[in-house]
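According to the working numbering, the sequence shown is numbered sequentially starting from 948.
Data block below; observations after.
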Amino acid sequence: MTDTSTTRVAQLAARRHTEIISDRVVPCFGLRVAGLGAAVPRQRVTNHDLAQRLDTSDKWIVARTGISARRIAGVGESTVALACDAARRALGNANVAPADVDLVLVATSTPDSACPSTASRVAAELGLRASGFDINGACTGFVHAFHTGAALLADPSIRTALVIGAERYSSIIDPNDRGTAILFGDGAGAAVMTRAPATPGGPGVLATDLGGDPTGIAVIEVRPGSPYLTMDGPELFRRATRGLVASATAALARVGATGADVDLYVPHQANARIVSAAAGRLGIDEAKVVFDMAERANTSAASIPLALEAAQRSGQLTAGMRVLISGVGAGLAWSTMYLRWDQ
Ligand code: UT7
948 MTDTSTTRVA QLAARRHTEI ISDRVVPCFG LRVAGLGAAV PRQRVTNHDL
998 AQRLDTSDKW IVARTGISAR RIAGVGESTV ALACDAARRA LGNANVAPAD
1048 VDLVLVATST PDSACPSTAS RVAAELGLRA SGFDINGACT GFVHAFHTGA
1098 ALLADPSIRT ALVIGAERYS SIIDPNDRGT AILFGDGAGA AVMTRAPATP
1148 GGPGVLATDL GGDPTGIAVI EVRPGSPYLT MDGPELFRRA TRGLVASATA
1198 ALARVGATGA DVDLYVPHQA NARIVSAAAG RLGIDEAKVV FDMAERANTS
1248 AASIPLALEA AQRSGQLTAG MRVLISGVGA GLAWSTMYLR WDQ
């Protein structure tokens, strides 16, 4: 080992502190979400609006999904524009100047263009000195990006990361397909992540999980050559619920924790029934679960940061909580982070 790498390992170790979870001492990587921001398009499309042109009803959609309305992007409301709006708000709430951002990560599966990355366009738009890259993890993209940001904050040259989930699913949804048109909405959520001092009980990452089941790749996809997303709803429902539960259970088990050690559960906001079923199987009381799909529907990679921002604004998410964020999506892929929250 060279002197430089020895120094890095020592620096890394210094950024870990300990937590007591279920009478067990667990290491915690010091990390803080300094600010959150949200942005949704102006146009609100209700279930009643959809029922005017599709063979569906408000009653059916609410009962099956918990969704009443969604925001649909119009002219000027690109993925980059939504990402920038959310990022500006997150930076403002964090009191972090754009010049202090070292890294931009954007989770999106609906970029405005293939090249350059949405992260580069956001950096250019916001006048950042930093750049970064996109992560396409579909509905679990934000958790992948958060995980990546946390890992890169271990690098001494990166002190502040802007992590964004931004989607414009209306661009890949067949407006005449009632199976998918009722489910998705557009929006963006952003988090400013910084290192936190290694203080016992302080904010940070307690445990993570990353996994998936590629045998489910055809269950939800945009087939090569097709403009639209296709989905086997009932099969996805089963697999998504199983994936959320498996991932959260694996992350919690790494530190000897269970659902009883979760103060707030913020899973991907796919569908209220999926969220309820997963929370029930994990033994997490519904009072500790964030449901944020009623007015926004499923915003894919944006759903978790939007839900975190809403929970914080309403007072449901407060400092010191042990927060479990879990995503599941196309691939199939899933990921979880178990965090000690602080702002
Ligand atoms: O991030 C992941 C994104 N995807 C998801 O989260 C989707 C997961 N899946 C689901 O949430 C549910 O499967 C849906 C909400 C999509 C559908 O609910 P379901 O209870 O699984 O319904 P189903 O597909 O089994 O269909 C039941 C009935 C069928 O009619 P019949 O055959 O019983 O006469 C469907 O044709 O409901 C019919 N149906 C609808 N009726 C009114 C399907 N879509 C609709 C609709 N409005 N939009």
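We put the beta carbon where it would ideally sit given N, CA and C, even for glycine.
All values reported here derive from a predicted model rather than from experimental measurement.
The ligand UT7 has no heavy atom closer than 7 Å to the beta-carbon of residue 964. Residue range 1167-1169 is occupied by the beta strand (DSSP E) that includes residue 1169, with no alpha helix (DSSP H) assigned at that position.
One Cα belongs to residue 1007, the other to residue 1040, and the distance between them is close to 38 Å. Residue pairing for residue 980: DSSP places it in a beta bridge opposite 1140.
Inclusion of residue 1178 and residue 978 in the CB contact set at 8 Å is not warranted, their separation being larger than that value. Secondary structure of residue 1080 (DSSP, three-state): strand. A check of alpha carbon separations from residue 1096 across 1130, 1182 and 1048 identifies 1048 as the nearest. A Cβ-Cβ separation of about 15 Å leaves residue 1166 out of contact with residue 1175 under the 8 Å criterion. If you ignore the 5 residues before and after residue 1059, its C-beta comes within less than 6 Å of the C-beta of 1025, 1026 and 1027, all in its own chain and listed in chain order. A residue is called buried once 16 or more other Cβ atoms fall within 10 Å of its Cβ, and residue 1114 is buried on that count.
Here residue 1111 is actually not in contact with residue 1050; their C-beta atoms are around 11 Å apart, not less than 8 Å. Straight-line measurement puts the Cα of residue 1241 at about 14 Å from the Cα of residue 1223. As the crow flies, the alpha-carbon of residue 1100 is around 26 Å from that of residue 1191. Residue environment analysis places residue 988 among the buried positions, since at least 16 neighbouring C-beta atoms fall within 10 angstroms of its C-beta. Between the stretch 1156-1165 and the stretch 1279-1287 there are three or more inter-stretch CB-CB distances shorter than 8 Å, so the stretches are counted as touching. The DSSP-derived three-state label of residue 1228 is helix. Within the stretch 965-1047, the runs of beta strand (DSSP E) that reach at least 3 residues and sit entirely inside it are, in chain order, 971-986, 990-993 and 1016-1019.
Judged by the Cβ position, residue 1003 qualifies as a neighbour of the ligand UT7 at the 7 Å threshold, a heavy atom of the ligand being closer than this. Within its own chain, the residues whose Cβ lies closer than 8 Å to the Cβ of residue 1184, once the five positions on either side in sequence are excluded, are 1218, 1220 and 1221, listed in chain order. Annotation: residue 1045 to residue 1109 spans about 10 Å, alpha carbon to alpha carbon. In this structure, the alpha-carbon of residue 1103 lies about 10 Å from that of residue 1142. For residue 1262, the closest C-alpha among the options 1235, 1250 and 1271 is that of 1235. Apart from the 5 residues on each side of it in sequence, residue 994 sits with its Cβ closer than 8 Å to the Cβ of 1003, 1004, 1005, 1008, 1009, 1014, 1015, 1016 and 1129 in its chain, given in chain order. Residue pairing by DSSP places residue 1286 opposite 1152 and 1270 in a beta bridge. In the three-state DSSP reduction, residue 1275 falls in the strand class (E or B). Residue pairing from DSSP places residue 1111 in a beta bridge opposite 1053 and 1137. Around the beta-carbon of residue 1155, 16 or more other beta-carbon atoms lie within 10 Å, marking it buried. With a contact defined as Cβ atoms closer than 8 Å, residue 1208 and residue 1199 qualify at about 7 Å. Residue pairing for residue 1132: DSSP places it in no beta bridge. Counting the other Cβ atoms within 10 Å of the Cβ of residue 1033 gives 16 or more, which makes it buried. CA-to-CA, the gap between residue 1057 and residue 1030 works out to about 12 Å.
In the three-state reduction of the DSSP assignment, residue 1212 falls in the strand class. Within the model, the alpha-carbon separation for residue 1148 versus residue 1266 is close to 11 Å. Nearest to residue 1001 by C-alpha distance, out of 1122, 1131 and 1180, is 1122.
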